[in-house]
Amino acid sequence: MLRREKIAFQGVSEELITKDELNLAEYPFTLMARRVPSILVNGVRQPIKTLEYRGWTTINGERRPVSWLVTGSDRFGLPTAGDQDICVAIMEVWREHSFKDRTIPISSAYQLLRKIGLPDKGQNYRRLRAALDRITGTYIVAENAFWDRGRQCYISRRGFHIFETYELIERVVKGQRKPYLPLGHVRASDFFWQSVRDGNLKDLDLLLYRSLPTPLARRLYRYLDKKRYLGASFAIGTYNLALKLGLAQTALAKYKSGKLRQLLTPALAALKERAFLLGYAFERGKAGPKLVVQFARPGRSERAREPLSTEQQLLLDEIMELTGDRYSRNFYRLAVLTLERELVYRALSQTRVALRAGEVRTSAARYFTFLVKRLAAESNVTLAPRPQSNE
Numbered sequence: 143m144l145r146r147e148k149i150a151f152q153g154v155s156e157e158l159i160t161k162d163e164l165n166l167a168e169y170p171f172t173l174m175a176r177r178v179p180s181i182l183v184n185g186v187r188q189p190i191k192t193l194e195y196r197g198w199t200t201i202n203g204e205r206r207p208v209s210w211l212v213t214g215s216d217r218f219g220l221p222t223a224g225d226q227d228i229c230v231a232i233m234e235v236w237r238e239h240s241f242k243d244r245t246i247p248i249s250s251a252y253q254l255l256r257k258i259g260l261p262d263k264g265q266n267y268r269r270l271r272a273a274l275d276r277i278t279g280t281y282i283v284a285e286n287a288f289w290d291r292g293r294q295c296y297i298s299r300r301g302f303h304i305f306e307t308y309e310l311i312e313r314v315v316k317g318q319r320k321p322y323l324p325l326g327h328v329r330a331s332d333f334f335w336q337s338v339r340d341g342n343l344k345d346l347d348l349l350l351y352r353s354l355p356t357p358l359a360r361r362l363y364r365y366l367d368k369k370r371y372l373g374a375s376f377a378i379g380t381y382n383l384a385l386k387l388g389l390a391q392t393a394l395a396k397y398k399s400g401k402l403r404q405l406l407t408p409a410l411a412a413l414k415e416r417a418f419l420l421g422y423a424f425e426r427g428k429a430g431p432k433l434v435v436q437f438a439r440p441g442r443s444e445r446a447r448e449p450l451s452t453e454q455q456l457l458l459d460e461i462m463e464l465t466g467d468r469y470s471r472n473f474y475r476l477a478v479l480t481l482e483r484e485l486v487y488r489a490l491s492q493t494r495v496a497l498r499a500g501e502v503r504t505s506a507a508r509y510f511t512f513l514v515k516r517l518a519a520e521s522n523v524t525l526a527p528r529p530q531s532n533e
């Protein structure tokens, strides 16, 4: 896969696309805090153990309550802001293995940390272990909130884990001063794996995500990136947004609208600086203050909906038959729509030759994608939609 990590104004000149599960982009599973805040219980201060969002939605013309309740284990507590990075890294490793199994192999902790740009240091290994403890101990109860893509409906009520178990194996390497190299795996719950297998995923620009300066900016990006498929702009009440981002209700109860605006502004500014947003404004709404954003980038799905000619559809079918990678279908559609037909056929032919010669060490899908991106770069063709000007 071609990767170019050239940064422009701490932004990203080219995308490295990973995957984000849609329900986890919509609702929080980590607190947006470095430490879990505490509350008084019978005169004793204790850390909060739940994160909750409540709202309303319309299902089949009927208004129904929405609830998303996240609970942490007694021993390890709720996932905190930085744990979001570890979950994104796990999703990227899982994507590289085509989501084939609910067990996600971790060839090395260093590899996992590198996905989110963390250096190979002992404190980051400890951070990884602590995050895995919290994430695997997290239980979510969703009411009219979790979208089941397979059945095309919201599930009335469901309790589930995201990732159930993990294992890290330490092995000694002779001749090295470091005593171990962690190996192991993370295992997703059957329910969450089924959601992923049903394609309940969206693209996420990992390089842009990594370039953002704070956990709140990263969480805001994941949320708004899901909304940009709805149109050129999006509006939401600021208090409602804060709950969806994962700010604790105990903290929000102390915030006035000006304080909440002050909290969100640096994250919004970071997204505008990186050409993800054209602009943003805080306005008065019927139910209170609201945030209105204008997106600089059209949703990828808009391009994916462009009609294909009969010849283009046959070419796309040929790609799907060779790669078997339904998760990259939108990218393949974009390639068919954007590239000269001869370039796509050349990538198909070279992939088949490499497969017959036993030269493909990963998968046909990854090898074909590498060739398509290389041929596009050599032809000065951009496959990803370019950001519009901020001016």
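The numbering used here applies: residue 143 is where the sequence shown begins, and numbers increase by one.
Heads up, the beta-carbon is just placed ideally off N, CA and C, and yes, glycines get one too.
A residue is called buried when at least 16 other Cβ atoms come within 10 angstroms of its Cβ; residue 509 meets this threshold and is buried.
Inside the stretch 157 to 208, DSSP marks whole beta strand (DSSP E) runs of 3 or more residues at positions 159 to 163, 180 to 183, 186 to 189, 192 to 201, from first to last along the chain. Note on geometry: alpha-carbon atoms of residue 271 and residue 253 lie some 14 angstroms from one another.
Within the stretch 295 to 381, the runs of alpha helix (DSSP H) at least 4 residues long that lie entirely inside it are, in chain order, 332 to 339, 348 to 353, 357 to 369. Note on residue 295: under 16 other CB atoms within 10 angstroms of its CB, so exposed under the neighbour-count rule.
Counting of Cβ neighbours within 10 angstroms places residue 244 among the buried residues, the total reaching 16 or more. Shown here for residue 259: same chain residues with a beta carbon closer than 6 angstroms to its own, the five before and five after excluded, namely 352 in chain order. Between residue 513 and residue 204, the alpha-carbon positions lie close to 49 angstroms from each other. Between the stretch 490 to 507 and the stretch 460 to 474 there are three or more C-beta pairs closer than 8 angstroms, enough to call the two in contact. Excluding sequence positions up to five before and after residue 340, its CB lies within less than 8 angstroms of the CB of 290, 291, 292, all in the same chain and listed in chain order. DSSP, read as helix, strand or coil, puts residue 281 in strand. With contact defined as three or more Cβ pairs closer than 8 angstroms, the stretch 193 to 208 and the stretch 323 to 337 are not in contact. Assignment of beta-bridge partners to residue 431 by DSSP yields 426. Sequence-distant partners of residue 236 (beyond 5 residues in either direction) whose C-beta falls short of 7 angstroms from its own C-beta, in its chain, are 246.
Secondary structure note for residue 452: its alpha helix (DSSP H) is the uninterrupted segment 452 to 465.
Going by DSSP, residue 248 is part of the beta strand (DSSP E) stretching over 245 to 248. Looking at the backbone, the Cα of residue 437 and that of residue 481 are separated by about 26 angstroms.
In the DSSP assignment, residue 476 falls within the unbroken alpha helix (DSSP H) covering 471 to 480.
Here residue 186 is exposed. Its C-beta has fewer than 16 other C-beta atoms within 10 Å. Beta-bridge annotation (DSSP): residue 212 is paired with 193, 282.
Note that the C-beta distance between residue 486 and residue 499 is not below 8 angstroms. Under a 10 Å Cβ-count criterion, residue 360 is classified as buried, with 16 or more other Cβ atoms of the shown protein chains found around its own Cβ.
Where residue 288 is concerned, there is no enclosing alpha helix (DSSP H), because DSSP gives it neither an H nor an E. Taking every protein chain shown into account, the CB of residue 279 has 16 or more other CB atoms within 10 angstroms, so this residue is buried. A distance below 8 angstroms separates the beta carbons of residue 197 and residue 208.
Across the structure, residue 364 and residue 503 are spaced so that their CA atoms are roughly 32 angstroms apart. A direct Cα-to-Cα measurement between residue 398 and residue 380 gives close to 11 angstroms.
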